[in-house]
Amino acid sequence: MNQRVDRRHRILVFAFVLAFPALLAFAADHEEGGYAGTKGEGHDTVVYNFLKHFTYNQYYWTTEWQWHSGNDERVDAMDIAVFGGHGSPWSIKTITGWIDLSTIADTGAWGWGDTDADFIAFESCKVVPGDIDQADWWTKWVQEPNGAWDGVHQIMGFRTDSYQSTDQDVTDYFGARVRANYAIWQSWFDASNEEARSDEMASVVFHPPAEFDTYANMVADPPYDSNWIGLWYQY
Amino acid sequence: MKRTIVISILATFAVALLASRCHTTTPRPPEIIWEANTPEIPETLETFTATNTSPMSRDDGERLARRVADYSRISLQPAEAPTARRGAVFYRNADDPSTALTMNLERGDFLFNKGLRMYQGENDTAALPASQEEAARLAAEHLRALDLQMPAGESVLAHFGGLNMAIHRRDGTTSTYRKLITIRYDRRLGGLPVIGDSRAVLQLGSRGELAALVWDWHPVSGRTARGSELLRAPELRPAIEKRVADVSGDAAKVVVDRQELVLYDDGMVIEPAIRVMAQRTYRVRIGKDREPREIVVPFDTIVPVLASPRGTYPDMLRPQELPREASSRGKAERSADDDESTKRERPRRY
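See below:
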């Protein structure tokens, strides 16, 4: 009897030892960051409503440094990052200033994805233009050497204005869906349909093989200099 | 004499430092320009409460899932939703992670997405609805088949559009493909537009099939609010002005260009409110040269008209925690990006 119990214990311990690195890897591989672009405008709520679905890693009033030369320690250190704040095509407003996302890879930190970032969502106006907004919708993402597209899988946002009466609900629903391991950008678009106004139109640029990535199951990173890029958008 | 000069220099420096600290910690309130007046509030207004107050059971949810799955000819399985809102139930399809059915058993609203696997690829979707009229007819057929009804006179066509996919290939060529058609209905009650949760959004795919549906049209009963229950324009104006100032952060100027009387739906109650639309101007610096620029961004906010509102309005929500100050990383996070010292060449990885 005792021998049998001992054997069971040994099997359990062995199984745990085998599984431990995998568990650690899962925990370590999934890091979430949230970045609020303004103070006193509710964007902390927008960001928090996404982060609350996770045991998140970073939650900052955001600065240019976190997206630019310091991105390896901030945005690009996360598997998924969500920004709440003001935007315009390929640019966002941070606490320290407005940042042009089409030139962020001009330091040693490069763009996003060369370190860890897989998914980035901008709950803000117009950051991800569609082809009906900008005929050349891809160049500012993928241009070498300075484009942000350095291995990231999907960048989500809106091609239109987005509004404060709905943005905290969009990120809340999106967070629940990502956490439940649904396809990522499709969850962003569903969140837009579920929560946003009728004039808010979601958009995403994506690495084509990563089109059906989920948070737990994603393809290999695209090369940093890939210019193969897809776009889905609502109109 | 020397000491006086040194003290003067130090005092000037201290005052300048104090001024800069004050400038960064207490931004000047924005200049507010009123291009739209607060609408007059009628003597009486209808306010509404959801009548489906008894939650759906798990079995009810299962029946709804079966009805949607059968109609769409797919299989749906219950899914783990560890952080979904109270009363939420999620379903998924094992073959397509973009397939989703999420419902709220407490309210009866749901979102269904059949999944986009079948719309993947570089091609237009065959036989998409060709016109708004055709889309509206197909939408009505789908809703009827699922036993979902928008009561007569409540629905307003809010949007007719769609979903496109574009591709930029390695050789530099590009294409755009039409994938789905979208038709959205918003609600009107008592002659006023309903903003917030209420909606019916249908996405139509190949040969007009139902590709996705958001159904949030809970039945309501109304009552008349009157007298001191309602705030009037003279009381609303300062409340709106305070709200606009409170949520405008470091904007330099706010132009309020629209105010309209609406009903706001928070999911359980639908109450009269003022929707305020404004344009904010920010004076910012951009790029390495710190070039000054004015950026104008729109925003909206909802102000209740009831003196004692029961609804939860967007600006009432606050996070349980605040973000960390970026300055904890030191100077680098506080200042603009001008760090050239770390610049290095990209290796050729491929």
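If you read the sequences in order, they're chains C and B. The first sequence stops at residue 348 when you use the numbering used here, and every number in between is there. The second sequence stops at residue 354 when you use the numbering used here, and every number in between is there. The beta carbon of each residue, even a glycine, is placed where N, CA and C say it ideally should be.
If you look at Y75 (chain B), you'll find it isn't in any beta strand (DSSP E); it sits in the alpha helix (DSSP H) that goes 62-76.
Of all residues in the segment 92-112 of chain B, only A92, F94, R96, D100, P101, S102, A104, T106 come within less than 8 Å of chain C when Cβ atoms are compared, listed by chain position.
Excluding sequence positions up to five before and after A92 (chain B), its CB lies within less than 8 Å of the CB of A85, T106, M107, N108, L109, all in the same chain and listed in chain order. Shown here, G209 (chain B) sits in coil according to DSSP, grouped into three states, outside any helix or strand. Around D128 (chain B), the same chain offers Y181, R182 as residues with beta carbons nearer than 7 Å, after the five sequence neighbours per side are excluded. Taking a contact as a CB-CB distance under 8 Å, the pair F196 (chain C) and H266 (chain C) does not count as one, their CB atoms being some 16 Å apart. With respect to the C-alpha of P223 (chain B), the residue from B:L217, B:L214, B:E158, B:L49 having the closest C-alpha is B:E158. Closest in C-alpha terms to T175 (chain C), from the list C:G155, C:M191, C:T151, comes C:T151.
Contact annotation, L184 (chain B) with Q207 (chain B): C-beta distance approximately 5 Å; criterion of less than 8 Å satisfied. Interface residue (Cβ-Cβ distance to chain C less than 7 Å): F164 (chain B) is not classified as such. At a cut-off of 7 Å between C-beta atoms, T180 (chain B) counts as an interface residue with respect to chain C.
N108 (chain B) carries a strand assignment under DSSP once its states are collapsed to helix, strand and coil. Under DSSP, W225 (chain C) takes part in a beta bridge, and its partners are C:W262. Judged by DSSP secondary structure, Y286 (chain C) falls within the alpha helix (DSSP H) whose first and last residues are 280-292. For D219 (chain C), same chain residues with a beta-carbon under 6 Å away, outside a window of 5 residues either side, are N259 in chain order. For W38 (chain B), DSSP records a beta bridge to B:V260.
Sequence-distant partners of Y295 (chain C) (beyond 5 residues in either direction) whose C-beta falls short of 7 Å from its own C-beta, in its chain, are T327. Counting the other CB atoms within 10 Å of its CB gives R230 (chain B) a total below 16, which places it among the exposed residues.
Taking the CA atoms as reference points, G147 (chain C) sits about 15 Å from K206 (chain C). The beta carbon of K239 (chain C) sits no closer than 7 Å to any beta carbon of chain B. Taking CB atoms only, M169 (chain B) has a neighbour in chain C less than 7 Å away.
V218 (chain B) places its beta carbon less than 7 Å from that of L115 (chain B). Distance between I245 (chain C) and Q347 (chain C), taken at the CA atoms: about 10 Å. Using a Cβ-Cβ cut-off of 7 Å, R292 (chain C) is close to P86, T87 of chain B, given in chain order. Taking a cut-off of 8 Å on C-beta distances, the segment 224-242 of chain C touches the segment 197-204 of chain C, as three or more cross pairs fall below it. Sequence-distant partners of P296 (chain B) (beyond 5 residues in either direction) whose C-beta falls short of 7 Å from its own C-beta, in its chain, are R287, R289. In this structure R191 (chain B) touches S202 (chain B) by the C-beta definition: roughly 4 Å separates them, less than 8 Å.
If you draw a straight line from the Cα of G224 (chain C) to the Cα of Q281 (chain C), it is about 27 Å long. Listed in chain order, the non-local C-beta contacts of D249 (chain C) below 7 Å within the same chain number zero, local neighbours out to five positions each way being set aside. For G343 (chain C), the C-beta contacts it makes with chain B under 9 Å involve M169, A170, I171, H172, in order along the chain. In chain order, F52, T53, T55 place their CB closer than 8 Å to the CB of S225 (chain B), counting only its own chain and leaving out the 5 sequence neighbours on each side. Inter-residue distance for T279 (chain C) and S179 (chain B) is about 32 Å (C-alpha atoms, whole angstroms). For K206 (chain C), the chain B residues whose C-beta falls within less than 9 Å of its own C-beta are Y286, V288, I299, V301, listed in chain order. In this structure K253 (chain C) is buried. Its beta-carbon is surrounded by 16 or more other beta-carbon atoms within 10 angstroms.
Residue state for G125 (chain B) is assigned as coil, using DSSP reduced to three classes.
Contact between the segment 307-314 of chain C and the segment 327-345 of chain C is not established, with fewer than three Cβ pairs separated by less than 8 Å.
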